[in-house]
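For the sequence shown, position 417 (counting from the first letter as 1) is numbered 890 according to our numbering, and the numbering increases by one without interruption.
Quick notes on the structure that follows.
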Amino acid sequence: MAKLHFFLLLLLAAAEAIHGEDGAYIGVNIGTAMSSVPAATQITTLLRSQNIRHIRLYDADPGMLSALANTGIRVIISVPNEQLLAIGNSNATAAKWVARNVAAHYPSVNITAIAVGSEVLSTLPNAAPLIMPAMRYLQNALVAAALDKYIKISTPHSSSIILDSFPPSQAFFNRSLDPVLVPMLKFLQSTGAPLMLNVYPYYDYMRSNGVIPLDYALFRPLPPNKEAVDANTLLHYTNVFDAVVDAAYFAMAYLNVTNVPVMVTETGWPHKGDASAEPDANNDNADTYNSNLIRHVMNVTGTPKHPGVAVPTFIYELYDEDTRPGTASEKYWGLFDMNGIPAYALHLTGSGVLLANDTTNQTYCVAREGADEKMLQAALDWACGPGKVDCSVLAQGKPCYDPDTVEDHATYAFNAYYHGMGMGSGTCYFSGVAVITTTDPSKLHSLLFLACSFAFLGLMPWEHLFACAGHGSCVYGGKNGSALLNGTSLAPSSNSTADSGSRRAVGDVTSFVRIVVTALLLSVVALL
474 MAKLHFFLLL LLAAAEAIHG EDGAYIGVNI GTAMSSVPAA TQITTLLRSQ NIRHIRLYDA
534 DPGMLSALAN TGIRVIISVP NEQLLAIGNS NATAAKWVAR NVAAHYPSVN ITAIAVGSEV
594 LSTLPNAAPL IMPAMRYLQN ALVAAALDKY IKISTPHSSS IILDSFPPSQ AFFNRSLDPV
654 LVPMLKFLQS TGAPLMLNVY PYYDYMRSNG VIPLDYALFR PLPPNKEAVD ANTLLHYTNV
714 FDAVVDAAYF AMAYLNVTNV PVMVTETGWP HKGDASAEPD ANNDNADTYN SNLIRHVMNV
774 TGTPKHPGVA VPTFIYELYD EDTRPGTASE KYWGLFDMNG IPAYALHLTG SGVLLANDTT
834 NQTYCVAREG ADEKMLQAAL DWACGPGKVD CSVLAQGKPC YDPDTVEDHA TYAFNAYYHG
894 MGMGSGTCYF SGVAVITTTD PSKLHSLLFL ACSFAFLGLM PWEHLFACAG HGSCVYGGKN
954 GSALLNGTSL APSSNSTADS GSRRAVGDVT SFVRIVVTAL LLSVVALL
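Here it is as C-alpha cells:
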C-alpha cells in the first residue's frame, strides 16, 4: 500500500508542477486583531488541514515563524508601518531586521517575500519618502546574506492609487506619487519582484451607488450585452477584479514599465455586516466571491489584457478579526472564526484539496496526510463511539477492513460522520486531523485491487489474500448519498476494529486462476 500512496503522491506533485510555485496559486492573509488569538501551532494545524500552502503575515512574529518551520508553507513576512521610520533611516537597522526575522529562520521557514509596510502611499502619505530607502536597505541585507535570489521585496498598495481606472486602458497612477512610484517600479523590474496590489470589488461596488452591478463584482456570469467593454482596446471585462488588475498593468505601461507582474495581496468579501447599511455583506455573497475567485485564479484565466498569465492572489483573510475598528463588516472577512470553524461554506468542486470547507455533494472528509497517529486514533474512537458512525464494516473480513491502518479507517469514519451530519460547517475538523477533498476515497480502495492481484500472483504474502476478499465493495458515505450513521457505537482501541486472532489461511491458487488474474491485472494497468 505504501507504493500506492507513493504513486498518488507523484500524481499530486505533478499537478502542482503544472502551475509551478511561481505561477497560479491562492494564499491567505493572517491578521491578529482578535480578542483571543489562536496559538501559532493551532494556526499551522488549520493551514495544513486546509492544504493552504501560501500565507501572508502582517509582521514577522518569531513564534509564528517557529511554528511554520519545516511545514513547506510559503510565507510573505511584513515590515509593519510603525517600523518604517527606523528601517528607512538606517542600513544597519535593516540589516539587523533581516538577520533577526529572515536569516534566523530561512530556509526551514519558506520565506518568499518581504512586504514593506501596507498601503503606505494612501494611508500614511507622510511616510512615503521612507518606502524606497527601506526597500533598498532590506535588499542590500538580503544580498549580503546571499538570499536575494530566493526572497523578493515589494510593498502592498491600495488600488485607490490608480486613477480613472475604467476603462483600464486609460488608467494611470496618481501623478503626485511619481517621485516614489517611478523609482519603485524600476526597483521591482531590476529585482524581479511583483507589484503588490490590494483589490476590493466589495468596496468598489458599495461606493458605486448602483453603477457597478453586484453580479459584476461577484464574478457571476454576465450576458454579452452586460459586459463592460473598453472602447479603446475592445477588451471585454466580466468582473471588477480583472478590470482593476488590468488598470494596474496599463498604469505601469503609462510609465514605460511593462514587465512587472501583478500580485494581489488582498481581496475578499465580508460574510456579515450591518443589516441595513451593508446588506450585501452576507454568507452567500462571500461564498460566491471567494469560490469564483479561487476557480478564476487557479484556472490561470488571466485577464483580458494578459490572458493565461497567472495572478497570484491572497484572500483576506484566514480568521475573523473581532477587534478591528470601523463598520460592522470590518470584523467579518474571515474564512474561519477564532476557533477554526468555517464562517461559511466555500463551494469548490473541481478545485481539489484547497481551502476545502466545500459542502457540495462531491466532497469527502479524509484523514489529513501526516497527521499524528494518536490524534487520528482518538478521533476515530470518537467517531465510532459518541459520533455514532457505523464502523462495523471496518471489522476484519468486512468490506472496508483493508487497508488496516489508522489513517484509512479514520478516513472511512470521518467521511461517514461528515456526510451523516449533512456536510455542515465544522463537521470535518476532528481537532485538525481531517481535511475535505473532492477526490473520492473509494478510488483508493479500487486501486488496492492491484495489490490484491499481486498477492494472487505470489508477489506479496499469501496471508493478505483474505483481506482482499470483498474489498472492492467498500462504499464511502456520500458516494451514493448514504450517511452511514446509526444509534450504535463501536470505539476501536487499535488499528484493527476486529477481535485479535490469526488470519484465516488461504489454500493454493491454481495456475488457471493465476492466468485469469494476470489478464485482469494487465487490463487494469492499461486503463490507468
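Where is the CB? At the ideal position from N, CA and C, for every residue including glycine.
(message) How far does the beta strand (DSSP E) with Val839 in it extend, from its first residue to its last?
(response) Numbered from its first residue, the sequence shown carries residue 839 at position 366. That run of the beta strand (DSSP E) goes 837-840.
(message) Taking a contact to mean a Cβ-Cβ separation below 9 Å, would you say Val773 touches Gly496 in this structure?
(response) Within the sequence shown, residue 773 is the residue found at index 300, counting from 1. Within the sequence shown, residue 496 is the residue found at index 23, counting from 1. The answer is yes: Cβ separation under 9 Å.
(request) Tell whether a beta-carbon distance below 9 Å holds between Ala690 and Pro667. (result) Numbered from its first residue, the sequence shown carries residue 690 at position 217. Numbered from its first residue, the sequence shown carries residue 667 at position 194. No. Outside cutoff.
(request) Work out the CA separation of Asp637 and Ala720 for me, nearest whole Å. (result) Position 247 of the sequence shown, counted from the start, is the residue given in the question as residue 720. Position 164 of the sequence shown, counted from the start, is the residue given in the question as residue 637. Cα to Cα, the separation comes out at about 9 Å.
(request) Name the two residues that bound the continuous beta strand (DSSP E) containing Phe787. (result) Here the question's residue 787 lines up with position 314 in the sequence shown. Unbroken beta strand (DSSP E) run through Phe787: 786-788.
(message) Taking the beta carbon of Asn543 as the centre, do at least 16 other beta carbons fall within 10 Å, making it buried, or is it exposed?
(response) In the sequence shown, counting from the first residue as 1, residue 543 sits at position 70. The residue in question, Asn543, is exposed, as its Cβ has fewer than 16 Cβ neighbours within 10 Å.
(message) Using CA atoms only, rank isn't needed, just tell me which of His779, Asn524, Thr910, Lys847 is closest to Gly500.
(response) Residue mapping note: residue 500 aligns to position 27 of the sequence shown, counting from 1. Nearest option by C-alpha distance: Asn524.
(message) Once DSSP output is grouped into helix, strand and coil, what is the label at Lys625?
(response) Your numbering for residue 625 matches position 152 in the sequence shown. Strand.
(message) DSSP three-state label for Gly500, please.
(response) Reading the sequence shown from its first residue, position 27 is the one you call residue 500. Gly500: strand per DSSP, three-state reduction.
(request) Look up Glu739 in the DSSP assignment and give the residues it is bridged to. (result) One-based indexing of the sequence shown puts residue 739 at position 266. In DSSP, Glu739 forms a bridge with Asn671.
(request) Go ahead and pull the three-state DSSP assignment for Ser663. (result) Position 190 of the sequence shown, counted from the first residue, corresponds to residue 663. Residue state, collapsed to three classes: helix.
(message) Which residue marks the beginning of the alpha helix (DSSP H) containing Ala577, and which one marks its end?
(response) On the sequence shown, residue 577 is found 104 positions in, with the first residue counted as 1. Segment: none, Ala577 is in no alpha helix (DSSP H) and carries neither H nor E.
(request) Write down the C-beta distance between Thr796 and Met507 rounded to the nearest angstrom, noting that I regard them as a contact closer than 8 Å. (result) Within the sequence shown, residue 796 is the residue found at index 323, counting from 1. Within the sequence shown, residue 507 is the residue found at index 34, counting from 1. Contact holds; Cβ gap of about 6 Å.
(message) Between Phe723, Leu853, Asp875, which has its C-alpha nearest Gln643's C-alpha?
(response) Translated into the one-based positions of the sequence shown, residue 643 becomes position 170. Minimum Cα distance to Gln643 is reached at Phe723.
(message) Which same chain residues end up closer than 7 Å to Asp534 when comparing Cβ atoms and leaving out the 5 residues on each side of it in sequence?
(response) Position 61 of the sequence shown, counting from 1, holds the residue named residue 534. Closer than 7 Å at Cβ, skipping near neighbours: no residue.
(request) Check whether the Cβ atoms of Pro553 and Tyr579 lie closer than 9 Å to each other. (result) Position 80 of the sequence shown, counted from the first residue, corresponds to residue 553. Position 106 of the sequence shown, counted from the first residue, corresponds to residue 579. Contact flag unset, no.
(message) Do Val571 and Leu620 count as a contact pair if the criterion is CB distance below 9 Å?
(response) As a working mapping, residue 620 is identified with position 147 in the sequence shown. As a working mapping, residue 571 is identified with position 98 in the sequence shown. Taking 9 Å as the Cβ cut-off, Leu620 and Val571 qualify as a contacting pair.
(request) Tell me whether the beta-carbon of Arg529 lies closer than 9 Å to the beta-carbon of Ile560. (result) As a working mapping, residue 529 is identified with position 56 in the sequence shown. As a working mapping, residue 560 is identified with position 87 in the sequence shown. Cβ distance not < 9 Å, so Arg529 and Ile560 don't count as in contact.
(request) Pull up the CB-CB distance for Ala607 and Leu557, whole angstroms please, since I reckon it's below 8 Å. (result) Along the sequence shown, one-based indexing puts residue 607 at 134. Along the sequence shown, one-based indexing puts residue 557 at 84. About 6 Å; that satisfies the 8 Å criterion.
(request) Classify Asp747 as buried or exposed, calling it buried when 16 or more other Cβ atoms lie within 10 Å of its own Cβ. (result) Walking along the sequence shown from the start, residue 747 turns up at place 274. Looking at its Cβ environment, which holds fewer than 16 other Cβ atoms inside 10 Å, Asp747 is exposed.
(request) With DSSP collapsed to three states, give me the class of Tyr676. (result) Residue mapping note: residue 676 aligns to position 203 of the sequence shown, counting from 1. Note: Tyr676 maps to helix in three-state DSSP.
(message) Whole angstroms are fine: how far does the CA of Asp845 sit from the CA of Tyr498?
(response) Taking the sequence shown and counting its residues from 1, the one referred to as residue 498 is at position 25. Taking the sequence shown and counting its residues from 1, the one referred to as residue 845 is at position 372. Roughly 27 Å between the two C-alpha positions.
(message) DSSP has Gly683 in a bridge; who is on the other side?
(response) For the purposes of this step, residue 683 is taken as residue 210 along the sequence shown, with counting starting at 1. Partner(s): none; Gly683 has no beta bridge.
(request) Run the CB neighbour count on Asp757, radius 10 Å, all protein chains shown included, and call it buried at 16 or more, exposed below. (result) On the sequence shown, residue 757 is found 284 positions in, with the first residue counted as 1. With fewer than 16 other Cβ atoms within 10 Å, it is exposed.
(request) Compute the beta-carbon to beta-carbon distance between Pro743 and Tyr805, rounded to the nearest angstrom, for a pair I have assumed lies under 8 Å. (result) For the purposes of this step, residue 743 is taken as residue 270 along the sequence shown, with counting starting at 1. For the purposes of this step, residue 805 is taken as residue 332 along the sequence shown, with counting starting at 1. Right, their Cβ atoms sit about 5 Å apart.
(message) Taking 9 Å as the threshold (C-beta atoms), are Val839 and Phe787 in contact?
(response) Counting from one through the sequence shown, the residue named residue 787 turns up at place 314. Counting from one through the sequence shown, the residue named residue 839 turns up at place 366. No, the pair does not count as a contact, with Cβ atoms beyond the cut-off.
(request) Compare the C-alpha of Leu519 against each of Val948, Cys947, Ala883, Tyr902 and name the closest. (result) What you label residue 519 is simply residue 46 of the sequence shown in a count that begins at 1. Of Val948, Cys947, Ala883, Tyr902, the residue nearest in Cα terms is Tyr902.
(message) If the criterion is Cβ atoms closer than 9 Å, does the pair Ala704 and Ala754 meet it?
(response) Counting from 1 along the sequence shown, the entry for residue 704 is found at position 231. Counting from 1 along the sequence shown, the entry for residue 754 is found at position 281. For Ala704 and Ala754, no; Cβs fall outside 9 Å.
(message) Please state whether the Cβ-Cβ distance between Ile635 and Val717 is less than 9 Å.
(response) Translated into positions along the sequence shown, residue 635 becomes position 162. Translated into positions along the sequence shown, residue 717 becomes position 244. Yes, they are a contact pair.
(message) What does the Cβ neighbour count give for Leu670, buried or exposed, with the cut at 16 atoms within 10 Å?
(response) Working through the sequence shown from its first residue, we reach residue 670 at position 197. When all chains shown are included, Leu670 counts as buried.
(message) For Val730 and Thr517, I'd like the C-alpha separation in whole angstroms.
(response) What you label residue 730 is simply residue 257 of the sequence shown in a count that begins at 1. What you label residue 517 is simply residue 44 of the sequence shown in a count that begins at 1. Rounded to whole angstroms, Val730 to Thr517 spans 38 Å at the Cα level.
(message) I need the straight-line Cα distance from Asn647 to Tyr890, nearest angstrom please.
(response) Along the sequence shown, one-based indexing puts residue 647 at 174. Along the sequence shown, one-based indexing puts residue 890 at 417. One C-alpha to the other measures close to 55 Å.
(request) Can you tell me which of Leu654, Pro640, Val548 puts its alpha carbon nearest to the alpha carbon of Glu592? (result) Position 119 of the sequence shown, counted from the first residue, corresponds to residue 592. The residue with the shortest Cα to Cα distance from Glu592 is Leu654.
(request) Can you have a look at Arg526 and say buried or exposed, based on whether 16 or more other CB atoms are within 10 angstroms of its CB? (result) For this step, residue 526 is matched to residue 53 along the sequence shown. By the neighbour-count rule (16 or more Cβ atoms within 10 Å), Arg526 is buried.
(message) Can you list, in chain order, the residues of its chain with a C-beta nearer than 6 Å to that of Ala540? Leave out the 5 residues immediately preceding and following it.
(response) Mapped onto the sequence shown, residue 540 falls at position 67. Contacts found: Ala513, Thr514, Thr517.
(request) Can you have a look at Lys625 and say buried or exposed, based on whether 16 or more other CB atoms are within 10 angstroms of its CB? (result) Reading the sequence shown from its first residue, position 152 is the one you call residue 625. Under this definition Lys625 is a buried residue.
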